[in-house]
Amino acid sequence: MYVNVIKPFLDVLAAILGLILLSPIFIILILILLIDNKGKPFFYQKRAGKNGKVFKIIKIKTMNDKKDEHGEFLSFNERVTTLGKFIRKYSLDEIPQLFNIIKRDMSLIGPRPLHPEYLPLYDEEQAKRHDVMPGITGWAQINGRNTITWEQKFEYDVWYAKNQSFLLDLKILWLTFYKVIRKKDINNSDNSNMPAFKNAKVE
1 MYVNVIKPFL
11 DVLAAILGLI
21 LLSPIFIILI
31 LILLIDNKGK
41 PFFYQKRAGK
51 NGKVFKIIKI
61 KTMNDKKDEH
71 GEFLSFNERV
81 TTLGKFIRKY
91 SLDEIPQLFN
101 IIKRDMSLIG
111 PRPLHPEYLP
121 LYDEEQAKRH
131 DVMPGITGWA
141 QINGRNTITW
151 EQKFEYDVWY
161 AKNQSFLLDL
171 KILWLTFYKV
181 IRKKDINNSD
191 NSNMPAFKNA
201 KVE
């Protein structure tokens, strides 16, 4: 009942209210980014959602497109902008994902959606993270975020997939808010400075 009916309703309701409440900040950021990012305030990227379904995630663009002499993008630290660091510090780059929630690509709470190319690399247990809808924040994010290994992250994701409940979601939501306010373990919202996941044995 909660997972299939109540949670989807609360997700959409929270996303709509969130967009209304955050609209002043959102609009100001967009206006600044239109100048700072040369007319590109957002970026869209393919991610794997529930049951491996691929969708396009919407995020605020916090990095430039600078490349080296070989045409490869520079490192995370070389590309993230000054404004981008501030936006990431307070997880403001996640605001556009409220649209993903309204579209039902994502939930407010769930495992973070990762790149589709990771799908064939999961072992049978890790793949269970896709039994639930991905979220803006989740059990792994409040238990270390990018300070833990891929293996640990997936263990937290699978545990959540097997144990999701209203009370657990409330706990995750509260701890996420607490960490954002305290600026604790929130320096990177999207694994951008983590080594790429290779396979079930490589972290």
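Residue numbering for the sequence shown is 1 to 203, as defined by the UniProt record's numbering. Even for Gly, the Cβ is constructed at its ideal location relative to N, Cα and C. Please read all numbers here as calculations on a predicted model, not as lab measurements.
key: Reduced DSSP secondary structure (H/G/I, E/B, other) of Thr137   = In the structure shown, Thr137 sits in a strand (DSSP, three-state: E or B).
task = Grab me the residues of Glu117's own chain with a C-beta within less than 7 Å of its C-beta, minus the 5 sequence neighbours each way, in chain order.
result = Within the same chain, Glu117 has no close Cβ partners at all.
task = Report back the beta-carbon spacing between Ala15 and Leu98 to the nearest angstrom; my notes put them in contact at under 8 Å.
result = Indeed they touch by this definition, with Cβ atoms about 4 Å apart.
query = So, using beta-carbon positions, are Asp65 and Arg79 closer together than 9 Å?
reply = The Cβ atoms of Asp65 and Arg79 sit closer than 9 Å to each other.
ask   = Per DSSP, which one or two residues make a beta bridge with Ala48?
value = Ala48 is bridged by DSSP to Val54 and Leu114.
inquiry  = With three or more C-beta pairs closer than 8 Å as the rule, is the stretch 52-59 touching the stretch 6-22?
reply    = At 8 Å Cβ cutoff, the stretches do not touch.
Contact set for Leu119: own chain, Cβ-Cβ below 6 Å, skip 5 residues either direction = Taking C-beta separations shorter than 6 Å and ignoring five residues to either side along the sequence, the partners of Leu119 in its chain run Ala48 and Gly52, following chain order.
message = My output table needs one value for Lys67: the three-state DSSP class, helix, strand or coil.
response = If DSSP states are grouped into helix, strand and coil, Lys67 belongs with the strands.
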